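Going line by line, the protein sequences match chains A, B and C. Going by this note's numbering, the letters in the first sequence line up with residues 7 to 753, in that order. Going by this note's numbering, the letters in the second sequence line up with residues 196 to 354, in that order. Going by this note's numbering, the letters in the third sequence line up with residues 110 to 398, in that order. Structure record follows, encoded as structure tokens.
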Amino acid sequence: MSLDDVKTSDFKYVGTSPDRPDGLDKVTGRAKFGADAYAPGMLHGAIVRSPHAHAKIISIDTSKAEALDGVKAIVTRADFATGLTGSNWNVLENIMASGTALYDGHAIAAVAATSPLIARDAVKLVEVTYEILPHVTDVDKAMADDAPIIRAGAADKSVPEGLHPNVVRYHESGHGDVDAGFAEADLVIEDHFRTEATHQGYIEPHACLGTLGGDGKGEMWCCTQGHWNVQKLCSALLGLEASQLRVTASEIGGGFGGKTVVFIEPVALALSRKANRPVKIVMSRSEVLRASGPTSSTSMDVKIGMKKDGTITAAKGVFRLQGGAFPSAPMEFTAMCAFAPYNLKNVKQIGYDVMANRPKQAAYRAPGSPMGAFAVESVIDELCNKLGLDPIDVRLKNASHEGTKASYGPTFQRIGLVETLEAAKAHPHYTAPLKPGQGRGVSCGFWFNFGGETSVTLALSMDGSAQIVVGTPDIGGSRASMALMAAEELGIPYENIRCTVADTASLGYNEVSHGSRVTYASGLATIKAARAAVKILCARAAAKWKIDPEAVDWVDGCAVPSGPNAGDFEPMPIARICASMGRTGGPISGHYEASPEGAGVSFATHIVDAEVDPETGKTSIVRYTVVQDAGKAIHPAYVEGQYQGGAAQGIGWALNEEYVYGEDGRLQNDVFLDYRIPVASDLPMIDTVIVEVPNPGHPHGVRGVGETSICPPLAAIANAVSAAAGVRLHELPMNPPRILAALEKRG
Amino acid sequence: MSKIHVTTSVNGDAVEFLCDPRETLLDVLRDRLGLTGAKEGCGTGDCGACSVTLDGRVVCSCLVLGAEVEGHEIGTVEGIATGEELHPLQRKFIEHAALQCGVCTPGILVATKALLEKNPDPTETEVRYWLAGNLCRCTGYDKIIRAVMDTAAELREAS
Amino acid sequence: MQYHTPASFEDASKIAAKATGITRFLAGGTDVLVQLRADIVTPDTLIDIKHIDGVHDITRNSDGGWTIGVAVTGAEMTEHADLGGDWPGLVEAMDLVGSTQIQGRATLTGNLCNGSPAADSVPAMIAAGATVTVSGPNGTREVAAEDIATGPGRTSLAQGEIVTAVNIPPRAAGGGDAYLRFIPRTEMDIAVVGCGINLAVDGDTITAARVVLGAVAPTALLDQACADAIIGSTLDDAALEKLAAAASAACNPITDKRGTIEFRTKVAGVLARRVAKIAYERAQAGGAS
């Protein structure tokens, strides 16, 4: 057998749902998350933040804070590296302002003290003098001629002339002739949509414990989706050599993209360097909402032409994304994903990255894609309504498939959109009767999925058990998935394998756990590492048998002669080979380092029933079904969990979550009381259908699953609510005041 | 600032500590007693990650002062299992994949255990409303609810 | 911050009367601790009143009325065998405050004295005709629930004054109460609009009513026009429409992160209608259990 074969059937371990290796720790309270680390002599850090949306920092007087008993260090921007450019400068500016506070919550200074209470008291004693500047938080207003300029010269060369300096990046893509396409249509609908910013809303606030000495050597413990990135950014921001900073990822209490960057980690290290003691910083929820995360707010125009038979003749979208006071809004992803589910002759998409006085946006689960899908799938729904067509039939008619030239350029390999649509159509949900006041919505969604730098080591123990060392923090049960894939390859039970997330000193570089890449990329690397180890195991058996290594196969955890010609030997189990590894050539390990590029794109189709109270505009989600292509579900229960979690976050985004800014540019809802994520009683059970169209780029057929699940919900819910309310909703969140206003306008 | 001396019981163990009057029970559990199972997700009583029992009643430990627990009995997630034997809820949460990141899990287990002691046969709706103060961002609650209902059924059968 | 645990209301009042700076009484702490943690209010003096005799008791008085101790939690009210039979609206209103965890700590008195116009239990208390007993340096007085809050976060209590009990009148036969609030989620939100109604019927005709709106003005609104809209009626559609119109007309709301003026005004009418129907059904079913 060739070790590079792609295996897509007859799995023994892959496709089962065993208990997770970190389960016991997590149900007993002993799992260590970001804030659960303590060090001898540890100080507690706290951050001084701007109460203004936009203000020049005239002076920072730390004398009173320094005089407080227990205060050991205070840092400002002067304590960080100088001369940075590009994205490193942006990250530094975001975590510690230089001359200007750019949003409510922007860090200005930080203190370290002997207790959290003293640190908080000291923050209040730092006197910052501001000169308040005009601000703008709305994406359209930030593009208007009279908008205050957030930072002149921030735009790159992509931006056409004549646009406001707050427009910092521009994207245009597509193919065909959209004007000709619209002319062929029987019906063209063009509409305007808006979405408000939402936060990733992980329950664990950012937390870290850092130590840094004057010798430039440091240690960092933090909750992060990517500790090599923490190492890279912290060392750049503090002027260190990356290898001198060892970063360990704690258990992570949710990330959803929001923990792919740094906020407090460089600050803790700067304080530690100054105080010569370990420093712990834990964000409050208010700090999390004001100064980390959120996604972009958007303003979008979508125009689609359709023939009476449902054929889409042309599609055009303009997507304006506000990403905070830095160039970072993922508008190209919005543009590239928006029409990806459809096989279009004529398509054009335009994106604008717009700066405003808000926190720097961070990735949030399929960054940019859900908003574009909201606009596009709403217009398709409206076209179906007007033309009297079934929404799934229309989507099937236009669906992208293998060989389709994608709206964003490449030609799709094998993909599973049609399969998700067919499964959705066949699902009992789609034809279940609706009660009065209820409406049903459907939407498709798309996400690319990423590969990225990946390193994995698999080492065998003397007893034939295996340990896998990965560098991608486990944000959804990935250690179980790695162990399953290794079990499959090694032919040993899942329980005989332990997967650990290594620190940065223990493994080669690993890209962040994002882009739904972990089960794909670390999984691929795990399989390749296992296969490398198997090759050695076979060689050891061959040496013992005195036959050619090529004449040994690996079957069910044993070396066996590949055929009668190879010789007549009893199968040699892994435990026996490993027991003698020291005498037969040394320790047996496999490793793999690469940047795999075969991440299969994935599609989903969601069906949702919503009920709207016509007197109050309040929406209840009464039924929800997620159908999504997983390629191959390694651990089906965790795949279902990703589907359900994405749907739930989409429900929050669609109905009640939003950043509310006051006239003064301050965030009004910086607590979970008013930043309304779905609670248990808000949601129904969320049905899932796992479609498996194997990804040819992964040895077990895996596609990433974590992000695609949040792409369809905004539109699916908007379509359901619009059907229930009898009026099209164009703006998220569809909170009760907004729905009631739409109902009154409808009359 | 003078500290307050408090004598209390945590998971059945007699405990003494000194605390600042502004310190919450959550601060005390985590920073003074080394019990980091209760998590701070919000500090405002909105997320339930810090849930503990106070004389058998579920509360947010972030909304209780350390000084207030003098003479009371505290129960935390660390006290749910009996020796090496997990409580059925803990077992079912693992079996049903009812946790993803796991940071809300301690609070949910504490809250759910109290529910099942009060109401051994809750409906799905009752479970959902009882847990409305325990935010989970990962799971969409589906598998959590299933794990709770399954545990309740098992406990009823066993009793 | 000084933390005190007085054993009597007299001592509590003395500590408060002498204190300088900011003083807070601590019962359930679900507002005090949130404000402390968020650096909104850090009291100089914090007086924990839970060590005072009787504060945890729910007592039925000889006249059939109720005395509710100032440290009685929402959960204890809900679990009480008889209180909810007499005053289901009041108990449900208190039960709507926060989560299971909050219910284990939050109190009626705290909800009242926090002075929030959106407090769920307050419209129900006012509708019920509840009073509170207030003790202070100048003796003891009984104050109607509607006279405690004077604006958002402000009360009529003087320095050194402390609420020592909540008094709920007897539930007469033929009476019923109800409370509903509007929130965008199913739980955990602050009321965008609240409405509590207590009414009495003689046969099918409403003979008395108290209608109270929450979160639509600086304090909870006890509105006579709303009451007049249904008194003398059999709560037919015309009366309900009149009530809804009166409720909307009574509103003096603001637009904020939780709702708009238009929304609150409209929904106040909707809620008033819905609440009246429940209270009316309860009254017809007999009132006191």
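Backbone N, C-alpha and C define an ideal beta-carbon position, used for all residues, glycine too. Since the model is a prediction, treat every value here as computed from it, not as a measurement.
| Item | Value |
| --- | --- |
| Exposed unless 16 or more other CB atoms sit within 10 angstroms - verdict on S8/A | Note that S8/A scores 40 on pLDDT, short of 50, meaning its location in the model is unreliable and no value can be drawn from it. |
| Segment contact flag, the stretch 343-361 of chain A with the stretch 169-177 of chain A, C-beta cutoff 8 Å, min 3 pairs | yes |
| Ranges of the beta strand (DSSP E) found wholly within the stretch 689-724 of chain A, counting only runs of at least 3 | 692-697 |
| Residue burial classification, H407/A (beta-carbon count within 10 angstroms, cutoff 16) | exposed |
| Where the alpha helix (DSSP H) through Y580/A begins and ends | Checking the sequence shown, residue 580/A turns out to be Ile, not Tyr. Segment 580-585, the alpha helix (DSSP H) holding I580/A. |
| Secondary structure of C304/C, DSSP reduced to three states | strand |
| C-beta neighbour in chain B for A184/C, strict 8 Å | yes |
| Rounded distance between the beta-carbons of H170/A and V294/A, thought under 8 Å | Going by Cβ atoms, the distance from V294/A to H170/A rounds to 30 Å, so no, they are not a contact pair. |
| Residue environment, M468/A, which counts as buried when at least 16 other CB atoms sit within 10 Å | exposed |
| Simplified DSSP assignment, three categories, for F269/A | coil |
| Three or more C-beta pairs below 8 Å linking the stretch 448-463 of chain A and the stretch 505-519 of chain A | yes |
| Below-8 Å beta-carbon distance, V404/C vs any chain A residue | In the structure as shown, chain C begins at 110 and stops at 398. Residue 404/C is therefore absent and cannot be evaluated. |
| Residue nearest to A321/A in terms of C-alpha spacing, selected from A344/A, D315/A, F339/A | A344/A |
| Beta-carbon contacts of D222/B that lie in its chain and below 8 Å, excluding the five residues immediately before and after | C214, G261 |
| Through-space distance from N235/A to A535/A, alpha-carbon basis | 23 Å |
| For M203/C, the first and last residue of its enclosing alpha helix (DSSP H) | 197-204 |
| Distance between beta carbons of V633/A and A653/A, contact taken as under 8 Å | About 11 Å; that fails the 8 Å criterion. |
| Enclosing beta strand (DSSP E) for R250/C [first to last residue] | 248-253 |
| Short CB-CB distance (under 8 Å) between L218/A and chain B | no |
| Beta-bridge partners of S244/C, as assigned by DSSP | T249/C, I271/C |
| Run of the alpha helix (DSSP H) containing C450/A, from where it starts to where it stops | Careful: C450/A lies outside any alpha helix (DSSP H), inside the beta strand (DSSP E) at 444-453. |
| N-terminal and C-terminal residue of the alpha helix (DSSP H) that M491/A is part of | 484-496 |
| Inter-stretch contact (C-beta, 8 Å, three-pair minimum) for the stretch 200-208 of chain A and the stretch 247-266 of chain A | yes |
| Below-8 Å beta-carbon distance, M691/A vs any chain B residue | yes |
| Counterpart residues of V132/A in DSSP-defined beta bridges | V132/A pairs with nothing; no bridge assigned. |
| Bounding residues of the alpha helix (DSSP H) (the contiguous stretch that carries M186/C) | 183-188 |
| As assigned by DSSP and simplified to three states, the class of K4/A | There is no way to answer for residue 4/A, as the model of chain A reaches only from 7 to 753. |
| Buried versus exposed, by CB contacts within 10 Å (16 or more), T437/A | exposed |
| Min CB distance T34/A to chain B below 8 Å | yes |
| Segment contact, 8 Å Cβ cut-off, at least three pairs: the stretch 287-301 of chain C with the stretch 319-330 of chain B | yes |
| Contact list for I258/A against chain B, beta-carbon separation under 7 Å | C296 |
| Start-end ranges of the beta strand (DSSP E) lying completely within the stretch 296-362 of chain C, minimum 3 residues | 302-311, 314-323 |
| Residue-level contact to chain B via CB, I211/C, 8 Å cutoff | yes |
| Neighbouring residues, chain A, relative to G368/C (Cβ below 7 Å) | P743 |
| Contact between the stretch 281-288 of chain A and the stretch 212-225 of chain A (3+ Cβ pairs under 8 Å) | yes |
| 8 Å Cβ cutoff, S121/A in contact with chain C | no |
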